[in-house]
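Trainee: Sharing a structure here in structure tokens format.
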Amino acid sequence: MATIYLDNQATTPLAPEVFDAMLPWLKENFGNPHSAHVFGRQAAAAVEVAREQVAALLPENGRVIFTGSATEAINLAFGAVRNMAPRGRDQIAIVDTEHAAVRDTALWYGTQGFDTKLLPVDRQGLVKMEDLEACFGPKTALVGAMLVNNEIGVVQPVEQIAALAHAHGALMLCDAVQGFGRIAIPEQADLIALSGHKIYGPKGIGALWVRDGIDLPPLIHGGGQEQGVRSGTLSPSLCAGLGRAAKICAERRDEDMIHIINLSETARSLFGDWAVNGSLDQRYPGNLNIRRDGLDVARLMSDTRGVAFSAGSACASGSGRPSHVLAALGLEPARIKSSIRLGFGRYNSVEEVEQAAHLINQAAEQQLS
Ligand code: PLP
């Protein structure tokens, strides 16, 4: 029996059309996009088409910079604070439940003379706007808030957070990795990070959208590629793959969402004995983080090898650290350990979700009886 893949927050399968779009740039069209001859010009043109395809899903007044991952895009974005510190802005405020790519970067800046604040969330995993007011001030340089949480799927009020950041003269960075191509992107954000492998595109490529007028110091020095901030020869194949993946997301957005909602409702009804971690209504439906008291999730996973899903408590960044997200919700350690995360995607069927729910519930019942 084939394993049912329900871990679409960790990564998504490559869309077949994306594979087709990438192939020519790995075979006959192998030119260096930075060369002046015809091979180079063809490759450069493919990169620019891809850039436009990605930009089409982002606000109008900015530029797209290709990177090797969303983590790299986020590290590049944080460089903005180095330009702001000489003006007396040396505070960074991020939501406590951010992905490690943002959280650890912010904490690292905290060791480099910046004052890093973690903004609390409530039991639903959402920030309270009234709490934020008190956290921002004239020294705030950058506010980081993700669009969709990778562990619990909750959707933060990013547009309001961006407006509040601006009211205090700060920039707003939105890690949109889990929401890009699916739900509305915050028009007011100044810096937006995304990743290829979460939208049925290739691994090894991400992008940072930067609002016009914002200068970033280079993250990688060298030949000056990617607008002087990220040197290194671009991969036209990866760019073409990300571009095509973004284009498909745009074309199929409604269809994909209806499908995901259908899968999610099927799962919610079949996991009725489980409690949901995080807000029930402010959420992206492709993510279901649930728990059953008393469950040993490691044992459940080994008893349910026919389904690929995540332990809800395992930090999805792959660090192996326990989840800071579930802890930030105020969940007791035993409940954190009894949580699992299911991630539904475009290529899952209702039958797969039913089959997976049957296997997981059966193993859970056996364990708890
Ligand atoms: N941010 C979020 C919310 C994520 O889910 C991930 C990946 O798990 C990342 C950032 C990092 O993305 P990448 O793998 O492209 O570095």
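To convert, note that position 183 of the sequence shown is 227 in the numbering used here; the numbers rise steadily by one, no gaps. The C-beta atom is built at its ideal place from N, Cα and C for all residues, glycine as well. Keep in mind that this is a model prediction, so the values were computed, not measured.
Measure the CB-CB distance between residue 292 and residue 329 and report whether it falls below 8 angstroms.
Mentor: Counted from its first residue, the sequence shown places residue 292 at position 248. Counted from its first residue, the sequence shown places residue 329 at position 285. No, the Cβ-Cβ distance between residue 292 and residue 329 is not below 8 angstroms.
Trainee: Within 10 angstroms of the Cβ of residue 287, are there 16 or more other Cβ atoms? Answer buried if so, exposed if not.
Mentor: Residue mapping note: residue 287 aligns to position 243 of the sequence shown, counting from 1. So residue 287 counts as buried.
Trainee: Can you name the start and end residues of the beta strand (DSSP E) that residue 108 belongs to?
Mentor: Taking the sequence shown and counting its residues from 1, one reaches residue 108 at position 64. Per DSSP, residue 108 belongs to the beta strand (DSSP E) from 106-111.
Trainee: Quick check: what's the CA-CA separation for residue 378 versus residue 117?
Mentor: Position 334 of the sequence shown, counted from the start, is the residue given in the question as residue 378. Position 73 of the sequence shown, counted from the start, is the residue given in the question as residue 117. Cα to Cα, the separation comes out at about 35 angstroms.
Trainee: Rounding to the nearest angstrom, what Cα-Cα distance links residue 323 and residue 262 in this structure?
Mentor: Counting from 1 along the sequence shown, the entry for residue 323 is found at position 279. Counting from 1 along the sequence shown, the entry for residue 262 is found at position 218. Approximately 38 angstroms between the Cα atoms of the pair.
Trainee: Can you tell me whether DSSP reads residue 76 as helix, strand or coil?
Mentor: Counting from one through the sequence shown, the residue named residue 76 turns up at place 32. In the structure shown, residue 76 sits in coil (DSSP, three-state: anything other than H, G, I, E or B).
Trainee: Between residue 146 and residue 190, how many whole angstroms is the CB-CB distance? I'm expecting something under 8 angstroms.
Mentor: Stepping through the sequence shown from its first residue, residue 146 is reached at position 102. Stepping through the sequence shown from its first residue, residue 190 is reached at position 146. The pair is a contact, with the Cβ atoms about 7 angstroms apart (cut-off 8 angstroms).
Trainee: In chain order, which continuous runs of the alpha helix (DSSP H) of length 4 or greater are located wholly inside the stretch 45-104?
Mentor: With a minimum length of 4 residues, the continuous alpha helix (DSSP H) runs that stay inside the stretch 45-104 are 60-66 and 82-99.
Trainee: Measuring CB to CB, does residue 307 end up less than 8 angstroms from residue 394?
Mentor: If you number the sequence shown from 1, residue 307 lands on position 263. If you number the sequence shown from 1, residue 394 lands on position 350. Yes, the pair counts as a contact, with Cβ atoms nearer than the cut-off.
Trainee: Looking at the unbroken alpha helix (DSSP H) that takes in residue 148, where does it start and where does it end?
Mentor: Position 104 of the sequence shown, counted from the start, is the residue given in the question as residue 148. Start and end: 144-154.
Trainee: Among 219, 366, 170 and 159, which one has its Cα closest to the Cα of residue 188?
Mentor: Position 144 of the sequence shown, counting from 1, holds the residue named residue 188. Answer by Cα proximity: 219.
Trainee: Check the C-beta distance from residue 141 over to residue 165 and give it rounded, since I have them as a contact under 8 angstroms.
Mentor: Translated into the one-based positions of the sequence shown, residue 141 becomes position 97. Translated into the one-based positions of the sequence shown, residue 165 becomes position 121. About 5 angstroms; that satisfies the 8 angstroms criterion.
Trainee: At what residues does the alpha helix (DSSP H) containing residue 251 begin and finish?
Mentor: The count along the sequence shown starts at 1 and reaches residue 251 at position 207. Taken as a continuous stretch (DSSP letters only), residue 251 belongs to no alpha helix (DSSP H), being part of the beta strand (DSSP E) at 250-255.
Trainee: Give every residue of the same chain whose Cβ lies closer than 6 angstroms to the Cβ of residue 280, excluding the five residues on either side of it in the sequence, and list them in chain order.
Mentor: For the purposes of this step, residue 280 is taken as the residue at position 236 of the sequence shown. If we look at residue 280 and ignore the five residues flanking it on each side, its Cβ neighbours are 69, 77, 87, 90 and 91.
Trainee: What does DSSP give as the partner residues of residue 135 in its beta bridges?
Mentor: Locating residue 135 in the sequence shown gives position 91, counting from the first residue. BP columns for residue 135 point to 159 and 184.
Trainee: Does DSSP classify residue 408 as helix, strand or coil?
Mentor: As a working mapping, residue 408 is identified with position 364 in the sequence shown. Here residue 408 sits in helix by DSSP.
Trainee: Beta carbon of residue 98: closer than 7 angstroms to some heavy atom of the ligand PLP?
Mentor: For the purposes of this step, residue 98 is taken as the residue at position 54 of the sequence shown. Every heavy atom of the ligand PLP is 7 angstroms or more from the Cβ of residue 98, so no.
Trainee: Find the nearest neighbour of residue 298 within the set 109, 58, 226 and 348, judged by alpha-carbon distance.
Mentor: Position 254 of the sequence shown, counting from 1, holds the residue named residue 298. The candidate whose alpha carbon is nearest that of residue 298 is 226.
Trainee: Kindly indicate which residue of 155, 100, 283 and 169 has the alpha-carbon position closest to the one of residue 327.
Mentor: Sequence index remark: in the sequence shown, residue 327 carries index 283 (1-based). Ranking the options by Cα distance to residue 327, first place goes to 169.
Trainee: Closer than 7 angstroms by C-beta to residue 11: which residues in its own chain qualify, once you throw out the five before and the five after it? Chain order, please.
Mentor: Nothing about residue 11 can be reported from this structure: the residues present for the chain run from 45 to 413 only.
Trainee: Please indicate yes or no: does the CB of residue 145 lie closer than 7 angstroms to some heavy atom of the ligand PLP?
Mentor: The residue you call residue 145 lines up with position 101 of the sequence shown. Flag set: Cβ of residue 145 near the ligand PLP.
Trainee: Looking only at its own chain, which residues have a Cβ that is under 8 angstroms from the Cβ of residue 229, when we skip the five neighbours before and after it?
Mentor: Mapped onto the sequence shown, residue 229 falls at position 185. 101, 102, 103, 191, 218, 220, 223 and 236.
Trainee: Give me the DSSP bridge partner(s) of residue 218.
Mentor: Counting from one through the sequence shown, the residue named residue 218 turns up at place 174. DSSP output for residue 218 lists 236 as bridge partner(s).
Trainee: For residue 246, count neighbouring Cβ atoms within 10 angstroms of its own Cβ and tell me buried if that reaches 16, exposed if not.
Mentor: Within the sequence shown, residue 246 is the residue found at index 202, counting from 1. It is buried - the Cβ of residue 246 has at least 16 other Cβ atoms within 10 Å.
Trainee: Let me confirm a value: residue 105 is counted as buried when at least 16 other C-beta atoms fall within 10 Å, else exposed. Which label applies?
Mentor: In the sequence shown, counting from the first residue as 1, residue 105 sits at position 61. So residue 105 ends up on the exposed side.
Trainee: Can you give the beta carbon distance from residue 108 to residue 99, rounded, assuming they're within the 8 angstroms contact cut?
Mentor: Here the question's residue 108 lines up with position 64 in the sequence shown. Here the question's residue 99 lines up with position 55 in the sequence shown. Between residue 99 and residue 108 the Cβ distance is about 5 angstroms, and since that is below 8 angstroms, they are a contact.
Trainee: Could you check the C-alpha separation between residue 259 and residue 267 for me, to the nearest Å?
Mentor: The residue you call residue 259 lines up with position 215 of the sequence shown. The residue you call residue 267 lines up with position 223 of the sequence shown. C-alpha separation (whole angstroms): 18 angstroms.
Trainee: Would you list the residues sitting across from residue 333 in a DSSP beta bridge?
Mentor: As a working mapping, residue 333 is identified with position 289 in the sequence shown. Looking at the DSSP assignment, residue 333 forms a beta bridge with 385.
Trainee: Per DSSP, residue 379 forms a beta bridge with which residues?
Mentor: Locating residue 379 in the sequence shown gives position 335, counting from the first residue. Beta-bridge pairing links residue 379 to no other residue.
Trainee: Since residue 65 and residue 284 are thought to touch, with beta carbons under 8 angstroms apart, how far apart are those beta carbons, to the nearest angstrom?
Mentor: Along the sequence shown, one-based indexing puts residue 65 at 21. Along the sequence shown, one-based indexing puts residue 284 at 240. Yes, residue 65 and residue 284 are in contact; Cβ-Cβ is about 5 angstroms, under 8 angstroms.
Trainee: Using the three-state DSSP reduction, which class does residue 165 fall into: helix, strand or coil?
Mentor: For the purposes of this step, residue 165 is identified with residue 121 of the sequence shown, where counting begins at 1. The answer is coil: DSSP assigns residue 165 none of H, G, I, E or B.
Trainee: To test your reading of the DSSP string, which unbroken beta strand (DSSP E) runs of 3 or more residues are found completely within the stretch 279-352?
Mentor: Whole beta strand (DSSP E) segments, 3+ residues: 331-335.
Trainee: Regarding residue 250 and the ligand FAD, is the C-beta to nearest heavy atom distance less than 7 angstroms?
Mentor: Of the ligands this structure carries, namely the ligand PLP, none is the ligand FAD.
Trainee: Which value, in whole angstroms, describes the spacing of the CA atoms of residue 135 and residue 300?
Mentor: Walking along the sequence shown from the start, residue 135 turns up at place 91. Walking along the sequence shown from the start, residue 300 turns up at place 256. Straight-line Cα distance between these residues: approximately 39 angstroms.
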